Every structure is written in C-alpha cells, then in structure tokens.
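Chains as they are written, first to last, in the working numbering: chain A, 95 to 382; chain B, 3 to 590.
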C-alpha cells in the first residue's frame with residue numbers, strides 16, 4: 095500500500111473543540127506520527143474516553159472507540175489482546191486518566207500491553223466548564239473550588255513510573271516537531287507507553303496558558319543528568335522542583351502482556367472457531 | 003429398607019473438608035450408576051463457620067434437594083443443632099462424639115444414631131486428625147453399602163497428586179471407618195441401601211462448569227473477570243482452558259475494567275464474555291449501556307446471590323432480574339436467558355453467543371447460586387448440535403474504501419460489522435448518539451431513527467429466542483410459572499402432585515427478556531390458579547406477568563427470600579391446600 099500522509103488520517107468531521115485548544119496540536123502530531131511510521135488507517139485502533147480529550151477519536155480516521163469516562167485503557171488493553179497486529183492507541187484527559195480512570199491507569203501500566211496512552215493534560219475540566227482537575231495546582235480557583243483547590247496535584251508520570259511504566263514521556267502541544275517524535279517513539283516502543291501532553295485549555299484555564307508553559311518547560315534531553323534508562327534518575331527528573339521536563343523521561347524493555355500471557359502469534363480475532371470438536375469432547379472426560 | 007434413594011448431608015466447620023468429602027461421595031454415587039444432585043451451603047469465610055453439603059442420590063433424575071435429609075454426618079454439635087430438624091423420621095445420624103455429646107431433645111429418637119469418635123480414631127489410629135472425613139466415608143460405605151471398589155478407586159484418584167503415602171493413609175482411613183461400624187454397630191441397620199448399577203455414558207458437573215464449557219465450545223476466546231462468589235468458578239475454569247485453545251483470560255482490577263475489556267475484545271471481533279454476581283453486575287451497569295449503543299456483542303453471565311449490597315455472598319436469590327432488565331440510564335436492547343438445569347447452562351450459553359453476534363447486543367445468562375454451584379449427573383452434551391453463527395461480520399477484502407457505514411439502517415436493525423484490521427471498515431464506534439456512519443450528532447430525526455433501529459431488534463429477534471418449556475399436565479387448572487434454579491423443585495412438585503391426582507402445569511421461562519409475552523399470556527389464560535414461584539421479596543417475575551395479563555385474580559406469588567432454594571414440599575403444600583379446601587381442580 096502506498097505511503098500515507100497525515101491527511102489520510104483525518105476525518106471530515108467538524109471539530110467541537112474551542113479555537114486555539116491545545117488538543118489540535120495533539121491530533122495533528124498523532125496523525126503525522128502515524129503517517130511517518132507508515133501505518134494504514136485500518137491497522138490502527140484508537141480508543142478514547144469522554145470529555146474534550148475523548149472527542150479526539152472522532153477526528154482520527156482509523157478504527158476508533160469512543161467509550162465511557164476513564165475506561166479507555168481496559169478497552170485498549172483488550173483490543174491489543176484480541177488482535178496483536180493492530181497499532182493500539184488510547185487517549186484521555188487529566189480528568190479521564192488520573193481521576194475516574196486512575197485505577198485503570200495504574201493497572202494497565204503494570205500489565206504492560208504494547209499500547210500507547212496519550213494523556214492530554216489541560217489541568218482543568220474543560221467540558222464541564224472549568225472545575226479543578228487532578229492536575230490543577232493547589233489553590234486553583236474554579237466554580238467548585240471558589241476558595242481555591244485544596245488538593246495537591248497528581249504527578250501522573252511519576253505515578254505511572256511507580257506502577258512500572260516502561261515508557262514515560264511528556265510533550266507540549268505547541269511544540270509539534272518534538273511531540274511527533276515523542277509519539278512516534280511511544281508507538282514504536284514495545285510495551286505500554288505513556289505520553290503526557292501539556293495541552294492548554296484556552297477557555298477555562300487562565301493560569302496554565304501557552305505563555306506560562308513556555309516559561310516553565312525545559313527539554314529534558316538537554317540536561318546533563320538526563321538518563322532515560324535509569325529509573326531513579328527518571329523519578330528525580332519528574333519530581334524535582336523547578337521546570338517541567340519534556341521529552342522521553344524513561345524507557346526500558348520488559349516483556350509485554352501479550353508475551354506474558356503467551357498470546358498466540360496469530361491474532362485471536364482471526365482464529366477459526368470450528369476446528370476443536372475432538373479437543374472439546376476430550377475435556378468432558380474429567381467429568382465422567 | 004429404602005433402596006437407592008438417599009439424601010445425605012455433611013455438616014461441619016468450613017475448612018473441615020465437608021465439601022471435598024461431599025464431592026468425593028457425589029462421584030462415587032455417580033459411578034454406582036445413581037442419579038446425583040448436590041447443593042452446597044457454605045459461609046462466606048475461609049475457615050470456621052457452619053458449612054454443609056447435601057448429596058441426593060436416587061434412581062430417577064434429580065434437579066434439586068428433597069424435602070428432608072435421610073442422613074446427617076455431623077462433624078460437630080453445631081451441625082446437629084442446625085440440621086436435626088431437617089431430618090426425615092427413620093433416617094440416621096453419624097455424629098463425631100470425640101469431644102461433644104448430643105442429648106436432650108436434640109437426640110431425636112426417631113432417627114438412628116451412630117456415635118463414632120471420628121477425630122479420635124483419626125488421631126490415634128492414623129496419626130492425622132484431618133483424615134476423619136475419609137473415616138466417615140468408610141462408615142457410610144459400611145452403613146449404606148457404597149461400592150467398596152469405587153470408593154477406593156475414587157479416593158486413590160483424588161489423593162494421587164499428593165503422593166502414595168497420602169493415598170495409603172486415606173485408604174486405611176476408609177478401612178478404619180468400616181471396621182468401627184462392624185465392631186460397634188453390627189446389628190444396627192441404617193435403613194438405607196445403595197446398589198450399584200452400570201454408570202452408563204454420563205457426566206457429573208457443576209452449573210458453572212457447564213457455562214464455562216459452553217462458552218469455550220461456542221468459540222469464546224476472551225474472558226475478563228473480577229473474582230466474586232459465586233461466579234469465580236467460571237473465571238478459574240476459563241483461566242485454565244482458554245489459553246490451551248488460543249484464548250486469553252484477564253483478571254481485571256475491578257468489574258468496570260472486566261466489562262470494558264470484554265467490550266474491547268468483542269469490538270475487535272473476538273467472542274468475549276465476563277461473569278459476575280450482583281455487586282459486580284451493579285458496577286458493570288455503565289458499560290452495559292455502552293455495549294447497547296455501540297451494538298457490540300458481549301455475553302455477561304450473572305450468577306445471582308442474595309442482595310442488596312453484599313447480601314449473603316454464598317446464598318441463592320433471584321432478586322437481580324429487575325436489575326438486568328432495567329439497569330442503566332437511557333434505553334438499550336438486551337437479552338436475558340435463564341437456564342433451569344445444568345444441561346441448559348450449557349445450551350443457553352452457546353445460544354447467548356450466537357444471539358449476541360447475530361443481533362449485536364449484550365446478552366445475559368442469568369443463573370443463581372443454587373444452580374451454578376450445584377452438581378448433577380447428566381448425559382454428555384451434544385457437540386454436533388452447537389452451531390456458531392457470527393452474524394453479519396464483514397470479512398477482509400469485502401469492503402471498498404470510503405463506503406462503509408457501521409451503523410447502517412437495515413430492516414432488522416442489524417448493521418454489517420467490520421472489525422479493526424479489515425480494510426475500508428474504519429469507523430468511530432461512538433458511545434454518544436451517532437449517525438449511521440458513526441459520526442456523533444444530536445440531530446433529532448437521526449436520534450429517533452437510531453432508537454428505533456436499536457430497540458427494534460427486540461421485536462425482530464423474537465422467533466430466535468429460546469422458548470419457554472411446558473412441563474406437567476398441559477391443560478391443568480393449576481399453573482406455575484418460574485425459571486432458573488427453581489425449575490428443579492417445581493418439576494418435582496408437579497410430578498409428586500400428579501401422583502396425588504392433582505394435575506399441575508408448569509411454564510419454565512428460559513428467555514426472561516425480551517419478556518415472552520405471548521407464551522405467558524397463552525399459558526396463564528384459563529388457569530384458575532397461577533403460582534409464580536421465585537426467590538425474592540417483591541415478586542419481580544410476578545410483576546412482569548401482571549404487566550402482560552392485566553388485573554387477574556388467579557395470580558399469586560410463592561416467594562422465598564431466606565437465601566435458600568425451595569424444597570419441593572414448599573411448592574406442593576400451598577397447592578395441596580387449594581385442592582383440599584375444595585376449590586375446583588380439574589383437567590379440561
């Protein structure tokens with residue numbers, strides 16, 4: 095099949111995102127990464143939850159699953175188990191992934207299926223009009239926290255790393271070139287890759303704006319002490335005070351869920367279901 | 003002397019081995035050619051707490067417990083206290099009197115007592131108190147004539163894994179039990195005798211095994227589940243077998259993950275299922291709605307136990323029917339099948355997968371603890387009768403790029419389904435309302451049409467649903483409606499009433515949703531008395547029937563909600579009562 099371009103992964107569906115939303119950058123980088131990797135739309139299964147981030151599945155021309163809030167990862171894990179030939183990508187927001195989906199996040203990561211999970215982090219609940227999210231700063235003033243958000247923000251990447259993530263990276267939706275590279279590397283990574291993308295909400299989050307990020311980010315790869323193969327160093331990079339590190343923070347090779355469950359090489363979805371009668375009958379011997 | 007008819011109960015503390023011994027005896031009875039039914043009544047704890055195991059053996063097929071037990075093997079005083087009243091006069095008790103005694107009113111004089119210090123013999127003669135269960139096996143063998151060769155062969159088979167020493171120890175335990183009876187109770191007959199017959203080509207299997215086996219044979223190759231009583235057996239069974247058949251089982255982090263994983267696998271084209279019980283089913287509600295709107299074929303087994311909340315985890319109930327029918331916000335089509343026997347646990351599970359694929363919707367297999375954790379003897383399943391109908395599944399190469407509409411409007415509401423990997427089938431499966439191409443839209447006309455498409459399946463599929471079964475005297479004045487685990491006790495009640503010249507007909511519902519309105523309307527029509535037998539407080543089935551029949555005096559609920567299944571007499575007695583007060587009972 096002919097080499098495709100980013101446009102081949104675009105749907106004609108008009109976007110429901112606000113003009114200027116960071117999510118456009120994520121979608122665009124995702125399409126470019128898939129095209130650059132030579133993927134075909136029918137070989138890609140894309141899963142999202144709901145919220146602003148969840149809408150992304152409607153704008154990507156592939157097999158797409160727009161499910162329920164926070165549950166993209168179990169769906170994506172099962173899609174991969176059902177057909178290991180597919181490129182499986184899940185996407186969600188900070189609320190979707192770190193609030194309602196936090197349990198699934200930790201468990202998907204520890205299972206290490208060969209899927210990519212993109213967290214579009216705008217540090218607020220956009221679609222319900224700007225409440226604090228798990229990544230909103232303490233003190234963040236919003237409709238449900240008029241006195242300021244009392245909670246400490248979650249560090250999603252550190253949480254993922256603690257749960258045993260084999261690929262942890264962060265991008266910024268306004269730095270498309272780097273984001274494409276990160277998403278490419280994540281898709282190519284054999285195992286569960288987490289990509290957190292700082293994706294500003296231009297309507298509700300008046301603090302973490304594009305300008306704010308430009309001041310607060312740094313490219314991790316440019317630091318002398320950046321060693322993506324060392325877990326302790328990665329923790330340090332993710333948790334130290336100061337600038338927000340971008341790039342591939344941590345990466346290791348570990349057996350995937352497909353390998354550990356001894357999944358057959360031929361995708362389960364393609365198995366013939368008719369041929370095992372003799373073996374079925376043999377199982378009944380146990381009950382005689 | 004009662005020949006080849008015995009209901010035996012083992013009672014003791016959980017962890018004492020009553021369940022293992024009960025299973026062993028059930029196997030022995032089966033191999034002696036008897037028809038066997040077992041019922042487990044155990045507490046929701048690992049060690050300690052009263053537990054019992056009932057084994058019924060007789061010449062004719064049993065689908066449930068008898069009215070009373072003939073023999074009680076009591077490993078402690080608590081077992082006597084709990085069950086002495088359930089004993090049939092003329093029965094017998096084997097009581098372990100190592101450290102406790104039975105006296106006063108508890109020591110019923112209308113049963114024969116065998117006081118045997120089982121634990122003491124185990125400890126002093128065999129050096130291990132644990133083998134007292136096996137000693138009791140020897141005692142029973144001597145008292146009722148269990149086939150010695152079969153007993154020894156089965157004990158050997160069960161303990162083989164643990165080595166020759168353990169086998170030998172247990173064989174000696176049997177001999178010790180037999181010897182004790184010979185020495186101390188030579189002239190005290192139990193009143194019961196079992197005679198071996200040819201076993202024939204039969205199986206002995208638990209309901210949950212039959213469901214799991216049915217799923218495998220139906221082509222299920224993905225299961226995700228979260229351990230919960232009494233459904234866990236299915237997850238365990240599948241974990242052992244599915245990988246051998248190229249499939250995979252995931253122990254999910256919770257029920258929300260279990261069901262959404264099942265959806266993910268089914269979306270990708272694999273026959274997939276999950277199994278749970280009430281509390282887990284409650285958590286799965288959200289994703290059931292998603293399955294409905296995405297038109298994904300999934301099979302969900304619900305092994306019902308008592309509710310609400312955590313209820314009594316190891317006890318039976320039929321109180322989740324309303325939940326399965328109505329759960330979820332918004333409206334989706336769904337199917338609920340309810341097996342009444344272990345054979346049907348197999349056949350209806352295979353049917354569930356075909357219905358799910360054929361109509362692209364969630365199908366529930368609703369069973370209850372009393373059925374799914376009971377064992378019975380049965381004929382081997384007819385594997386040749388199992389068909390696999392994947393419905394309208396598009397194969398690779400059948401689509402032209404750019405023309406596919408996943409949710410295309412069709413006459414029967416079923417849209418040909420492309421699974422990920424099929425060229426040209428790319429689409430959005432959107433949980434939000436969408437158009438025929440899968441694009442999310444709030445368009446009013448589309449919304450109405452989509453609702454009609456999805457919900458219309460329930461009417462279109464009616465002819466393909468498992469029909470209700472009519473048992474008993476077809477035109478009897480007295481009628482019973484029921485389903486699931488109650489099928490057994492009701493059938494027995496109907497047979498015994500027939501022997502008393504009280505004709506009764508019984509409609510066993512096997513599809514509970516879409517509700518079989520026509521079958522029920524026809525069945526109820528003309529009956530003077532319609533008993534709706536169910537294990538719940540509010541009469542969930544009775545209300546469904548009333549919705550079909552309108553106001554009707556003939557209907558009355560016969561309900562039990564103490565966590566235990568019906569004994570036949572509990573159905574027989576009220577019907578006898580009606581016959582006795584002179585109300586007309588006639589066959590027309």
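Here a beta-carbon is modelled for each residue, glycine too, at the ideal position from N, C-alpha and C. Bear in mind the structure is a predicted one, so any value in this text is a computation, not a measurement.
Residue range 89-97 is occupied by the beta strand (DSSP E) that includes residue 91 of chain B, with no alpha helix (DSSP H) assigned at that position. For the options A:281, A:216, A:325, A:299, the alpha carbon positioned closest to that of residue 130 of chain A is the one of A:281. Among the residues of the region 361-374 of chain A, those with a Cβ less than 7 Å away from any Cβ of chain B are 362, 363, 365, 367, 368, 370, 371, 374, in the order of the chain. Any Cβ of chain B closer than 8 Å to the Cβ of residue 139 of chain A would place that residue at the interface, and such an atom is present. By the criterion of a C-beta distance shorter than 6 Å, residue 156 of chain A is surrounded in its chain by 135, 138, 140, once the five residues flanking it on both sides are discounted. Residue 467 of chain B places its beta carbon less than 8 Å from that of residue 513 of chain B. For residue 330 of chain A, the enclosing alpha helix (DSSP H) begins and ends at 325-333. As DSSP reads the structure, residue 377 of chain B sits in a beta bridge with B:208.
Residue 100 of chain A and residue 125 of chain A do touch by the CB rule: their CB atoms are close to 4 Å apart, below 8 Å. From the listed residues B:416, B:376, B:475, the smallest Cα separation to residue 459 of chain B is found for B:416. Comparing C-alpha distances from residue 550 of chain B to each of B:575, B:533, B:559, B:517 shows the shortest one belongs to B:517.
If you draw a 10 Å sphere on the C-beta of residue 89 of chain B, you find 16 or more other C-beta atoms in it, and that means buried. The residue among B:447, B:452, B:444 with its C-alpha nearest the C-alpha of residue 411 of chain B is B:452. By the C-beta density criterion, residue 187 of chain A is buried, having at least 16 other C-beta atoms within 10 angstroms. With respect to residue 321 of chain A, residue 327 of chain A sits close: the two C-beta atoms are nearer than 8 Å. Under DSSP, no beta-bridge partner is assigned to residue 267 of chain B. Exposure of residue 113 of chain A is indicated by the presence of fewer than 16 other C-beta atoms within 10 angstroms of its C-beta. Bounds of the alpha helix (DSSP H) holding residue 173 of chain A are 166-176. A distance of 8 Å or more separates the beta carbons of residue 567 of chain B and residue 24 of chain B. Closest in C-alpha terms to residue 81 of chain B, from the list B:109, B:283, B:64, comes B:109.
Neighbours of residue 135 of chain A across chain B, judged by C-beta separation under 8 Å: 428. Residue state for residue 419 of chain B is assigned as strand, using DSSP reduced to three classes. For residue 447 of chain B and residue 377 of chain A, the gap between their C-alpha atoms comes out near 52 Å.
Interface flag for residue 256 of chain B against chain A is set, since a Cβ pair is found closer than 8 Å. Taken in chain order, the unbroken stretches of alpha helix (DSSP H) that lie wholly in the region 192-237 of chain A and span 4 residues or more are 196-205. Counting only runs of at least 4 residues, the region 245-317 of chain A fully encloses the following alpha helix (DSSP H) elements, listed from N- to C-terminal order: 250-256, 270-282, 304-310.
Restricting attention to B:35, B:572, B:564, the CA atom closest to the CA of residue 316 of chain B is found in B:564. Residue 115 of chain B sits in a strand when the DSSP states are folded into three classes.
At a cut-off of 8 Å between beta-carbon atoms, residue 228 of chain A makes no contact with chain B. Ranked by Cα distance from residue 499 of chain B, the first of B:116, B:509, B:484, B:474 is B:474.
Listed by position along chain B, the residues whose Cβ is nearer than 7 Å to that of residue 265 of chain A form an empty set, because the closest Cβ is around 24 Å away. A residue is called buried once 16 or more other Cβ atoms fall within 10 Å of its Cβ, and residue 5 of chain B, having fewer, is exposed. At a cut-off of 8 Å between C-beta atoms, residue 346 of chain B does not count as an interface residue with respect to chain A. Counting along the chain, the unbroken alpha helix (DSSP H) around residue 348 of chain B starts and ends at 344-361. The continuous alpha helix (DSSP H) containing residue 451 of chain B extends over residues 446-462.
A Cβ of chain A is located within less than 8 Å of the beta carbon of residue 272 of chain B.
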